[in-house]
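Take a look at the structure set out below.
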Amino acid sequence: MVVKRRVPAATANGHTSARDITCESILTDPLTILKDKIEATIDSAINEINNNLNETNKRIDNISEKLINASEEFSQTIYNRVIRELKKMNEKLNNLTVPHDVTSKNDSHVDFTECKKISESMDLLALIAYSNMSYCVIEKIEFGDGYSESIKKIADDVLANLSSIRNDINNCSDNFNFNIKSNAKTIVCLNNGKTTMIYRYLEKDENTIKPTIAIDYSFARKTGKNWIKNYIHFWEIGNLTPSLIAAAINGALSLHSAEQILLIIMIDLSKPETLWSTLERSLTTIRSAIKIVHSEKTINELKKSRLNKLKNPTNNSQIIDPLPYKTCIVAGKYDQFKNFKLATKKLVGQTLRQISYTTLSHLQYYSSKDSHLARKMKDILSHYVSSSSSSNENNYKKEYSCDYEQPLLIPIDSESLNDIHLNNYSSTQSSSIIDMIKHIYLSEYPDNEKLINEMNFENPSNDPNFNEPIIDKLLSQREEEIAINLQEMIEGNLPKPIINDPH
Numbered sequence: 001m002v003v004k005r006r007v008p009a010a011t012a013n014g015h016t017s018a019r020d021i022t023c024e025s026i027l028t029d030p031l032t033i034l035k036d037k038i039e040a041t042i043d044s045a046i047n048e049i050n051n052n053l054n055e056t057n058k059r060i061d062n063i064s065e066k067l068i069n070a071s072e073e074f075s076q077t078i079y080n081r082v083i084r085e086l087k088k089m090n091e092k093l094n095n096l097t098v099p100h101d102v103t104s105k106n107d108s109h110v111d112f113t114e115c116k117k118i119s120e121s122m123d124l125l126a127l128i129a130y131s132n133m134s135y136c137v138i139e140k141i142e143f144g145d146g147y148s149e150s151i152k153k154i155a156d157d158v159l160a161n162l163s164s165i166r167n168d169i170n171n172c173s174d175n176f177n178f179n180i181k182s183n184a185k186t187i188v189c190l191n192n193g194k195t196t197m198i199y200r201y202l203e204k205d206e207n208t209i210k211p212t213i214a215i216d217y218s219f220a221r222k223t224g225k226n227w228i229k230n231y232i233h234f235w236e237i238g239n240l241t242p243s244l245i246a247a248a249i250n251g252a253l254s255l256h257s258a259e260q261i262l263l264i265i266m267i268d269l270s271k272p273e274t275l276w277s278t279l280e281r282s283l284t285t286i287r288s289a290i291k292i293v294h295s296e297k298t299i300n301e302l303k304k305s306r307l308n309k310l311k312n313p314t315n316n317s318q319i320i321d322p323l324p325y326k327t328c329i330v331a332g333k334y335d336q337f338k339n340f341k342l343a344t345k346k347l348v349g350q351t352l353r354q355i356s357y358t359t360l361s362h363l364q365y366y367s368s369k370d371s372h373l374a375r376k377m378k379d380i381l382s383h384y385v386s387s388s389s390s391s392n393e394n395n396y397k398k399e400y401s402c403d404y405e406q407p408l409l410i411p412i413d414s415e416s417l418n419d420i421h422l423n424n425y426s427s428t429q430s431s432s433i434i435d436m437i438k439h440i441y442l443s444e445y446p447d448n449e450k451l452i453n454e455m456n457f458e459n460p461s462n463d464p465n466f467n468e469p470i471i472d473k474l475l476s477q478r479e480e481e482i483a484i485n486l487q488e489m490i491e492g493n494l495p496k497p498i499i500n501d502p503h
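With full-length UniProt numbering, letter number 35 in the sequence shown gets 35, and the count goes up by one each step, no holes.
Printed below as a string of structure tokens:
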């Protein structure tokens, strides 16, 4: 509605009349009041809005501060928990890295690098999680991005990383326990007498012993000092061929390093006439088997590693051609050999000492019928398979015997060229030295080829290991039939069989 203001008529003297003034007031005062009320309402609304905004800002700031504090507290809690677990793991690692001198610094098969890397990964994971959570809060305040979605993603990433690290820890722990606390070793035995020696060491019933046909495998576990479990894998080689020895070595290498392999070469002292041929064939076959398993480069590295571990490094290393693995020459049946002439004892003993020196092998006389020598052999095996400390090593090397009237006991690295009468051949190659040793020995005890051939071509059907009652009975019947038919043919009672020409 538009209000039209009527201009009052002027009087004669030029003044507006009272009636006109009253009319104007009635029209203008309500408008002014309405205007003032509207302005007051607007001002009040603005003030209220400003107050609400200020309060809202205060609340937002308070909420943001609480959110930041809560996030930092949450992040710090996770970080502290990870660090606490990390500290526990490091303490365990530190305790395990020096387990009663179980291993030396030179043992390459024991490596704690992976375990240490896991420790570093956990530390890094904690720092990353802490940083990501803090950044998530800042991002929420500045850009309004989804806080809960970001926190969930961070949590999922942390859980995934922790799961991966857990698997690494388990793998590291398994490897560590197997290599350190379980100390696995492998013993590969060649030639006659090995099974009895192993049964005696394992304290098994010797009445159950059967000859080894081709290759036998057995497994044992013994608890040594400091409650360390010693796992021993025995490979018995019945037929001296490179392929069988290579199979045993490959089986050993699938479990541990080459440094944990021990080769035992059994020699029969009661047969000097076949001693050299047995020893030579054993060494030749072993070297052929090793070439099947390793490259020439690896073989040289293993040999060099053995030479570097000698406590008394020799300047005459050119006459030493060590086997890549620890080797022990066990000369058995000393109970019979001790009654031989002194000249034979000296020749056999000196030959074995010289070979053990040039091949870097341990030498020991042995007899399963002599309780003292059997105990000595058991001690030597325990030394090789147990986690012996340096003090045990020193005590072990103190047992040295080179008296030919007594059982020989020659540890590795315990003799010099002068001790074995090779000081005049210090510049001679190993192969030439062995040829010379062979010539001297065979001049006294030439190879008994007839005996060797009889051993090689013996009828295997008479071997008790091949007992098959049904087949043996059929074979016996067939042999009887053939014998009868042959006799009748000789007497002329049967016609000669017709032999067809080959097609």
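Where is the CB? At the ideal position from N, CA and C, for every residue including glycine. The structure presented is a predicted model; accordingly, all values stated were derived computationally and were not measured.
* Spatial distance of residue 197 from residue 482 (CA atoms) -> For the purposes of this step, residue 197 is identified with residue 197 of the sequence shown, where counting begins at 1. For the purposes of this step, residue 482 is identified with residue 482 of the sequence shown, where counting begins at 1. Answer to the nearest angstrom: the Cα atoms are 44 Å apart.
* **Helix, strand or coil at residue 413 [DSSP, three-state]** => For the purposes of this step, residue 413 is taken as residue 413 along the sequence shown, with counting starting at 1. It is coil, neither helix nor strand.
* Asked: Could you give the distance in angstroms between the alpha-carbon of residue 188 and the alpha-carbon of residue 241?
  -> Residue 188 sits at position 188 when you count from the first residue of the sequence shown. Residue 241 sits at position 241 when you count from the first residue of the sequence shown. Cα to Cα, residue 188 sits roughly 13 Å from residue 241.
* Within this structure, are the beta carbons of residue 420 and residue 357 separated by less than 9 Å? -> The sequence position of residue 420 within the sequence shown is 420, counting from 1. The sequence position of residue 357 within the sequence shown is 357, counting from 1. A contact, by the Cβ cut-off of 9 Å.
* residue 194 vs residue 208 beta-carbon contact at 9 Å -> Within the sequence shown, numbered from 1, the residue matching residue 194 stands at position 194. Within the sequence shown, numbered from 1, the residue matching residue 208 stands at position 208. Result no, Cβ atoms of residue 194 and residue 208 do not sit closer than 9 Å.
* When the distance is taken between beta carbons, is residue 201 closer than 9 Å to residue 409? -> Stepping through the sequence shown from its first residue, residue 409 is reached at position 409. Stepping through the sequence shown from its first residue, residue 201 is reached at position 201. It is not a contact, given that the beta carbons lie outside the stated cut-off.
* Write down the C-beta distance between residue 348 and residue 266 rounded to the nearest angstrom, noting that I regard them as a contact closer than 8 Å. => Indexing the sequence shown from 1 puts residue 348 at position 348. Indexing the sequence shown from 1 puts residue 266 at position 266. At roughly 15 Å, the Cβ-Cβ gap does not stay under 8 Å, so residue 348 and residue 266 are not in contact.
* **Three-state secondary structure assigned by DSSP to residue 350** => Translated into the one-based positions of the sequence shown, residue 350 becomes position 350. Helix.
* Asked: Given a threshold of 16 other Cβ atoms within 10 Å of its Cβ, counted over all protein chains shown, does residue 252 qualify as buried or as exposed?
  -> Against the sequence shown, residue 252 aligns to sequence position 252. Buried, by the Cβ-count rule.
* So, helix, strand or coil for residue 274, using DSSP? -> On the sequence shown, position 274 is the one that residue 274 refers to. Looking at residue 274 - three-state DSSP - the assignment turns out to be helix.
* Burial state of residue 375 (16 or more Cβ within 10 Å) -> Against the sequence shown, residue 375 aligns to sequence position 375. Answer is exposed; the Cβ neighbour count stays below 16.
* Give the secondary structure of residue 244 by DSSP, where H, G and I count as helix, E and B as strand, and everything else as coil. => Here residue 244 refers to the residue found at position 244 when the sequence shown is read from its first residue. In the structure shown, residue 244 sits in a helix (DSSP, three-state: H, G or I).
* Asked: What separation, rounded to the nearest whole angstrom, lies between the Cα atoms of residue 237 and residue 384?
  -> Counted from its first residue, the sequence shown places residue 237 at position 237. Counted from its first residue, the sequence shown places residue 384 at position 384. In a straight line, the C-alpha of residue 237 is about 19 Å away from that of residue 384.
* **Cβ-Cβ distance between residue 261 and residue 185 below 9 Å** => Taking the first residue of the sequence shown as position 1, residue 261 is located at position 261. Taking the first residue of the sequence shown as position 1, residue 185 is located at position 185. In this structure, residue 185 lies closer than 9 Å to residue 261 by Cβ.
* To do: Identify whether residue 488 lies in helix, strand or coil by the three-state DSSP scheme.
  => Locating residue 488 in the sequence shown gives position 488, where the first residue counts as 1. If DSSP states are grouped into helix, strand and coil, residue 488 belongs with the helices.
* Who are the Cβ neighbours of residue 270 in its own chain at under 7 Å, not counting the five residues just before and after it? -> Position 270 of the sequence shown, counted from the start, is the residue given in the question as residue 270. Closer than 7 Å at Cβ, skipping near neighbours: 333, 336, 337.
* To do: Check whether the Cβ atoms of residue 361 and residue 412 lie closer than 9 Å to each other.
  => Mapped onto the sequence shown, residue 361 falls at position 361. Mapped onto the sequence shown, residue 412 falls at position 412. Their beta carbons are under 9 Å apart, which means residue 361 touches residue 412 by this criterion.
* To do: Give the straight-line distance between the Cα atoms of residue 340 and residue 350, rounded to the nearest whole angstrom.
  => In the sequence shown, counting from the first residue as 1, residue 340 sits at position 340. In the sequence shown, counting from the first residue as 1, residue 350 sits at position 350. Distance between the alpha carbons of residue 340 and residue 350 is about 15 Å.
* To do: Verify whether the separation of the beta carbon atoms of residue 190 and residue 263 is less than 9 Å.
  => Within the sequence shown, numbered from 1, the residue matching residue 190 stands at position 190. Within the sequence shown, numbered from 1, the residue matching residue 263 stands at position 263. Contact flag set, yes.
* How close, in whole Å, do the beta carbons of residue 446 and residue 344 come, if the pair is a contact with beta carbons under 8 Å? -> If you number the sequence shown from 1, residue 446 lands on position 446. If you number the sequence shown from 1, residue 344 lands on position 344. Their Cβ separation, rounded to whole angstroms, is 14 Å, which puts residue 446 and residue 344 out of contact at 8 Å.
* If you compare alpha carbons, which of 294, 244, 346 is closest to residue 324? -> As a working note, residue 324 is residue 324 in the sequence shown. The shortest Cα separation from residue 324 among 294, 244, 346 belongs to 294.
* Within 9 Å, strictly: CB atoms of residue 220 and residue 234 -> Taking the first residue of the sequence shown as 1, we reach residue 220 at position 220. Taking the first residue of the sequence shown as 1, we reach residue 234 at position 234. A contact, by the Cβ cut-off of 9 Å.
* Asked: Near residue 392, which residues of its chain fall below 6 Å by C-beta distance, leaving aside the five closest residues on each side in sequence?
  -> Here the question's residue 392 lines up with position 392 in the sequence shown. Confidence is the limiting factor: at residue 392 the pLDDT is only 42, short of 50, which leaves the residue's position unreliable, though a coordinate-based value still follows. There are no such residues.
* Asked: DSSP beta-bridge partners for residue 365?
  -> Here residue 365 is taken as the residue at index 365 of the sequence shown, counted from 1. Note: residue 365 sits in a beta bridge opposite 331.
* beta strand (DSSP E) segment containing residue 186, residue limits -> Here the question's residue 186 lines up with position 186 in the sequence shown. That run of the beta strand (DSSP E) goes 185-190.
* Using 10 angstroms around the beta-carbon of residue 363, count the other beta-carbons present and answer buried if the total reaches 16, otherwise exposed. => To locate residue 363, count along the sequence shown from 1; it is residue 363. Residue 363 comes out buried.
* Asked: Using a Cβ-Cβ cut-off of 8 Å (strictly less than) and excluding sequence neighbours within five positions of residue 281, which residues of its own chain qualify?
  -> One-based indexing of the sequence shown puts residue 281 at position 281. For residue 281, where only same-chain residues beyond five positions count, the Cβ hits under 8 Å are 240.
* Got a sec, what are the start and stop residues for the beta strand (DSSP E) residue 263 sits in? -> The residue given as residue 263 occupies position 263 in the sequence shown. That run of the beta strand (DSSP E) goes 261-268.
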